[in-house]
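Same order as they appear, the protein sequences are chains Y and V. Residue numbering for the first sequence is 1 to 79, as defined by UniProt numbering. Residue numbering for the second sequence is 1 to 318, as defined by UniProt numbering. A short worksheet on the structure shown next.
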Amino acid sequence: MALTEQEILAGLGKIVNEITGIPAVEVTPEKSFVDDLDIDSLSMVEIAVAAQDEFGVEIPDDQLKHLKTVKDVINFIQA
Amino acid sequence: MRLSQGSPGARVLAFGGYQPADVVTNDDLAQRIETSDEWIQSRVGIKERRVAGPQESEIDLAVQAGGKALAASGLSSSDIDLVIVATCTLEAQIPNAAGRVAHRLGIEAPGAFDVNAACAGFCYGLAAANDAVRAGSATNVLVIGTEKLSQWVDWDDRTTAVIFADGAGAAVVGPSETPRIGPVAWGSAGDKSEAIMVRDRNSFLQQEGQTVFRWATTALHPVAKAACERAGVDPAELAAFIPHQANLRIVEAIARKLGADNAVIARDIVLAGNTSAASIPLALSRMIERGEVPSGGLALLLGFGAGLTYASQVIELP
Chain Y
1 MALTEQEILA GLGKIVNEIT GIPAVEVTPE KSFVDDLDID SLSMVEIAVA AQDEFGVEIP
61 DDQLKHLKTV KDVINFIQA
Chain V
1 MRLSQGSPGA RVLAFGGYQP ADVVTNDDLA QRIETSDEWI QSRVGIKERR VAGPQESEID
61 LAVQAGGKAL AASGLSSSDI DLVIVATCTL EAQIPNAAGR VAHRLGIEAP GAFDVNAACA
121 GFCYGLAAAN DAVRAGSATN VLVIGTEKLS QWVDWDDRTT AVIFADGAGA AVVGPSETPR
181 IGPVAWGSAG DKSEAIMVRD RNSFLQQEGQ TVFRWATTAL HPVAKAACER AGVDPAELAA
241 FIPHQANLRI VEAIARKLGA DNAVIARDIV LAGNTSAASI PLALSRMIER GEVPSGGLAL
301 LLGFGAGLTY ASQVIELP
């Protein structure tokens, strides 16, 4: 069964918090990882790897660079 | 046909390291390219690195480190019958480095060959030395990792200029009644060969940072664990863990996943940068000099880099 946006958002918030220390509540769909959350490219790789373990969806590096916002990642995982 | 008479085991007798004198700080780099001390430290963990000038070649660096290891081993040049140089940054490929380095150190007519396994090169060379001593192909081996990455880096490219540096490290390997160098766990991933490469002789080194970071933080701790298993050593027994000094974040991620809870973790990259094949023996020689690791303790080495290549083994510290 496909995960809901809320379930993925909660999972992403937890992952971002574990990797960067940013509070999970700050991870909201419209936020940009780089511009709003100040997450660098290597931490994005760590988030992608953790998201793969959590949601079973691989996010390759050539896709990762197009995923700017939290919503972009949610959409990619749902697709 | 007869077989050669080998030794039951091999051991590292001594390490030696050498860095060129010129320090390049992050602020120095920031004057040339768009970067900052804060940016570099947070991304790769490096505060400063050393760079050799035009008068000092990768051969010179190797001679310095090799000479130090030889002196510390208590052996003389005439005791060495095999010299292995791990490097991927020779200015010219012919002749090889090992013969020239041996000659400069007064080692007469040894077997002499180079290993190109990039940043994994020292661990590959150490494995070859271990096998040579055990098989009887050599009695005492000088293994050197030497790199002058500065001559292959585009100093205007901030994705590589902030990372790579020059240096050399060496080990003397000799016979032992008991095994003090463990079995190697090695391999390669040629499907990712373009992740770190120099495209042709007129090009600079280029690296796909995210690809390498993902690979290093997900594929390598199983290799390190395999080396422990093959040696019959539990990671909790390790006194030291010396992964290739690629990036401090990679070093710490692998260390966390390995579970070497009692080990001193090498963080030499902070003051040395990424010196490819030199980084492991350079880091270890400095840890030994500072008394951070115990003689007789177990250390896990893990080399990884362009190829992609990787190799890992447990050794007993000299």
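Even glycine gets a Cβ: it sits at the ideal position worked out from N, Cα and C.
- Message: Beta carbons nearer than 9 Å to chain Y: which residues of the region 183 to 216 of chain V have them?
- Response: E208, G209, Q210, T211, F213 and R214
task = Assign N202(V) to one of two classes, buried (16 or more other C-beta atoms within 10 Å of its C-beta) or exposed (fewer than that).
result = exposed
Quick one: Cα of M197(V) to Cα of D62(Y), how far?
18 Å
So what does DSSP say about W215(V), is it helix, strand or coil?
-> helix
Closer than 7 Å by beta-carbon distance: list the chain V residues that pair up with residue 83(Y), in chain order. Any question about residue 83(Y) goes unanswered here, given that chain Y covers just 1 to 79.
Practice problem: Please list, in chain order, all residues of the same chain as P175(V) whose beta carbon is under 7 Å from its beta carbon, the five residues on each side excluded. | Solution: S7, A10, V133 and T139
Counting only runs that start and end within the region 236 to 272 of chain V, where is the beta strand (DSSP E) found for 3 or more residues in a row? 240 to 243
Review point. Using DSSP with H/G/I as helix, E/B as strand and the rest coil, what is K71(Y)?
Key: helix
Exercise for the section: Could you name each continuous beta strand (DSSP E) segment of 3 residues or more that falls completely within the region 288 to 312 of chain V, going from the start of the chain to the end? Expected result: 298 to 305
* Asked: What number of angstroms, rounded off, separates the C-alpha of S312(V) from the C-alpha of T160(V)?
  -> 25 Å
* Would you say the beta carbon of S32(Y) comes nearer than 8 Å to a heavy atom of the ligand ZN? -> Looking for the ligand ZN in the displayed structure turns up nothing, as the structure carries no ligands at all.
Have a look at A263(V) and A239(V) and give me their C-alpha separation to the nearest angstrom. 4 Å
With distances taken Cα to Cα, identify the nearest neighbour of S73(V) among E58(V), L13(V) and A86(V). L13(V)
| query | In terms of residue numbering, what span does the beta strand (DSSP E) encompassing Q206(V) cover? | reply | L205 to Q207
query = Does the beta-carbon distance from V233(V) to L301(V) come in below 9 Å?
reply = no
If we ignore side chains and look at the alpha-carbon of each, how far apart do A48(Y) and F304(V) end up? 22 Å
Problem set entry | Of the residues S4(V), G53(V) and V143(V), the one placed nearest S23(V), counting alpha carbons only | The residue asked about is misnamed: residue 23(V) is Val in this sequence, not Ser. Per the Cα distances, G53(V).
At 4 residues or longer, what runs of the alpha helix (DSSP H) sit wholly inside the UniProt domain "Carrier" (6 to 79) of chain Y? 41 to 55, 61 to 64 and 70 to 78
Between A246(V) and chain Y, is the shortest Cβ-Cβ distance under 9 Å, so that the two count as touching? no
Contacts that T218(V) makes with chain Y (C-beta to C-beta distance below 7 Å): V49
For V45(Y), decide whether its Cβ has a neighbour in chain V, counting only Cβ atoms nearer than 9 Å. yes
- Task: Using a Cβ-Cβ cut-off of less than 8 Å, list which residues of the region 23 to 50 of chain V approach chain Y; keep chain order.
- Result: S42 and R43
Please name the residue, chosen from L205(V), A278(V) and T309(V), that lies closest to F122(V) on a Cα-to-Cα basis. A278(V)
Considering only the alpha carbon of each residue, which of E34(V), E147(V), F241(V) and A306(V) lies closest to P20(V)? E147(V)
**Prompt:** Whose C-alpha, out of A51(Y), I19(Y), E54(Y) and E58(Y), is nearest the C-alpha of D38(Y)?
**Reply:** I19(Y)
Strictly by DSSP, which residues pair up with L317(V)? Looking at the DSSP assignment, L317(V) forms no beta bridge with any residue, so it has no partner.
Worksheet item: What separation, rounded to the nearest whole angstrom, lies between the Cα atoms of I84(V) and N130(V)?
Response: 12 Å
State the CB to CB distance for the pair L142(V) and V172(V), rounded to an integer number of angstroms; the pair is presumed to be in contact (CB under 8 Å).
6 Å
Exercise for the section: Just the C-alpha distance for P95(V) and I59(Y), rounded to the nearest angstrom, thanks. Expected result: 45 Å
Would D61(Y) count as contacting chain V if we go by Cβ distances under 9 Å? yes
Check: Closer than 9 Å, CB to CB, is L3(Y) near chain V or not?
Finding: no
(message) Just to confirm the assignment, what range does the beta strand (DSSP E) spanning F111(V) have?
(response) Phe is not the amino acid found at residue 111(V); the sequence shown has Gly there. That run of the beta strand (DSSP E) goes G111 to V115.
| task | Report the neighbours of R249(V) on chain Y: residues whose CB is nearer than 8 Å to its CB, in chain order. | result | L42
- Message: Tell me which residues share the same chain as S77(V) and place their Cβ nearer than 8 Å to its Cβ, disregarding the 5 neighbours each side in the sequence.
- Response: L70, L105, G106, I107 and E108
Pull up the DSSP beta-bridge partners for E108(V), would you.
-> Bridge partners of E108(V): none, in fact.
(request) Look at the alpha carbon of R230(V) and the alpha carbon of G190(V), and state the distance between them as a whole number of angstroms. (result) 24 Å
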